[in-house]
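Data block below; observations after.
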Amino acid sequence: MSMSKISTLLDRIYESDLPSGADLEQALALENQAELDELFGFADQVREKYCGGGIFLRGIIEFSNFCDKECFYCGINKNNRKLSRYRMKEDELLKSVEYLASAHIKTVVLQSGEDQDLDPLWLKDVISQIKSRFGLAVTISVGERSAADYQLWKQAGVDRYLLKMETLDEDLYNSMHPKMSFKQRLCCLDNLRKLGYQVGTGNIIGLPGQSLKTISRDILFFKQGNFDMLGIGPFIPHQETRFSVFPGAQALLVLKTIALTRIVTKNTHLPATTALGSLDQDYRPAGLRCGANVLMPNFTPQPYRKLYQIYPGKKCIDEPVGSCNFCLESMSKENDRFIDYGQGDSLKLRKVGLNV
Ligand code: SF4
């Protein structure tokens, strides 16, 4: 495609309230270096205009790897009997939070598998203590729960909730999530929004059966939902899953999806995910150059960190806790950016209901 045609295409996507799926597919198919430079440069300008040069840090603590679900792509699915399971105790978790706070990080992400044995009152108590002792922004990512649990945690002071859809193609979703329901997951997202959470979702790029058409649909959903944050990561096959035989994602397609999501959603927080750093090379710097504005240092202590392997070859699995800041500072400087040690709340105007 000529440069002027690419420029017209990207302008049309950027300016439209809801771009056409065909335009997004065309942009996702761009291949040669000059085309990609145009796409990534455009996304970088949109990021600068709507989010500025700062990179927000979200410190993640993976406090339990128990999960009741059987997602075909995930290494901690309940059928992986080879995995040792753990649940961090409250004092261990709070010690990790203390460490994170001492590294000047203002957001903690508490993540676990979807574990129905997780006591909502236990988590409420942990949240209350984090709020009163450290004053951090708290993001929860523990999957589908009742509206009552979401309400309990919101009242305890949680700011944000991350619930990834992974794909917005209902048939594809149902084909790889046994005993789960696409509609139920959407309903959870809607409940979270109605309760006043800053809400994040996201997708996996490179899933078997996915196409440029399904990815373009994901991006349209991201736009229509006006999400506060969106996690876009690569599929990396794990040997203890049903999808072990499939090839992993191409990094380039993940980067193109990040770039187009930035152009379409403008000011949504977009991380250069740890999974993006765990491919054949670390693509997080490339992610920062095509629209991403968030990094997620891992504060899960050993020996647990090694056991939260949703995909193999996870970046920074052996590094000492807290060693991330120096590395991420260097990464930001090398890309003419800076770490913003602020809380990094949503840049969206508040909106009730998903409207999709
Ligand atoms: S993706 Fe989430 S819900 Fe599915 S098996 Fe993994 S941790 Fe459990």
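Add 367 to the 1-based position in the sequence shown for this note's numbering, that's all there is to it. Ideal Cβ placement from N, Cα and C applies to all residues, glycine included.
beta-carbon Asn660 near ligand 1 non-hydrogen atom, thresh 7 Å: no
Around ligand 1, Cβ to any heavy atom closer than 6 Å, ordered along the chain: Cys434, Lys436, Cys438, Cys441, Ile443, Asn444, Gly480, Glu481, Gly510 and Ile677
Residue range of the unbroken beta strand (DSSP E) whose run includes Gly569: Gln565 to Ile572
Status (buried if at least 16 other CB within 10 Å, exposed otherwise) for Ala370: The amino acid at residue 370 is misidentified as Ala; the sequence shows Met. Exposed is the call here.
Complete alpha helix (DSSP H) runs within the region 399 to 483 (minimum length 4 residues, chain order): 400 to 418 and 457 to 469
C-beta contact flag for Leu574 and Leu619 at 8 Å: no
Bounding residues of the alpha helix (DSSP H) (the contiguous stretch that carries Pro604): Where Pro604 is concerned, there is no enclosing alpha helix (DSSP H), given that its DSSP letter is neither H nor E.
Local conformation of Ser508 per DSSP, three classes: strand
Range of the contiguous alpha helix (DSSP H) that encloses Phe589: Leu579 to Gly592
Residue from Asp390, Leu403, Lys682 and Lys700 with nearest C-alpha to Cys657: Leu403
Expected contact under 8 Å - CB spacing of Ile380 and Leu395 to nearest Å: Contact doesn't hold; Cβ gap of about 11 Å is too wide.
For Lys521 and Tyr564, believed in contact at Cβ under 8 Å, the rounded distance: 6 Å
Cβ-Cβ distance between Gly576 and Ser542 below 8 Å: yes
Where Met368 sits in the DSSP three-state scheme: coil
Collapsed DSSP secondary structure at Phe367 in the structure displayed: This structure leaves residue 367 out entirely; the chain is present only between 368 and 723.
First and last residue of the uninterrupted beta strand (DSSP E) at Ile677: Neither: Ile677 is in no beta strand (DSSP E) and is coded neither H nor E.
Residue span of the beta strand (DSSP E) that contains Asp557, given as start and end: Not the beta strand (DSSP E): Asp557 falls in the alpha helix (DSSP H), residues Phe549 to Lys561.
N- and C-terminal bounds of the beta strand (DSSP E) containing Ile706: Phe705 to Asp707
Backbone secondary structure at Pro652 - three-state DSSP: helix
Secondary structure of Pro687, DSSP reduced to three states: coil
Exposure label - Ser713; buried when at least 16 CB within 10 Å: buried
With 16 other Cβ atoms within 10 Å as the buried cut-off, status of His636: buried
Contact check, Glu482 vs Asp435, beta carbons under 8 Å: For the record, residue 482 in the displayed sequence is Asp; it is not Glu. Closer than 8 Å, so yes.
With 16 other Cβ atoms within 10 Å as the buried cut-off, status of Val631: buried
With 16 other Cβ atoms within 10 Å as the buried cut-off, status of Arg448: exposed
Residue nearest to Gly426 in terms of C-alpha spacing, selected from Ala653, Asp378 and Glu465: Glu465
Per DSSP, the bridge partner or partners of Met596: Gly567 and His636
Own chain partners of Gln393 with C-beta closer than 7 Å, once the 5 adjacent residues on each side are dropped: Leu376
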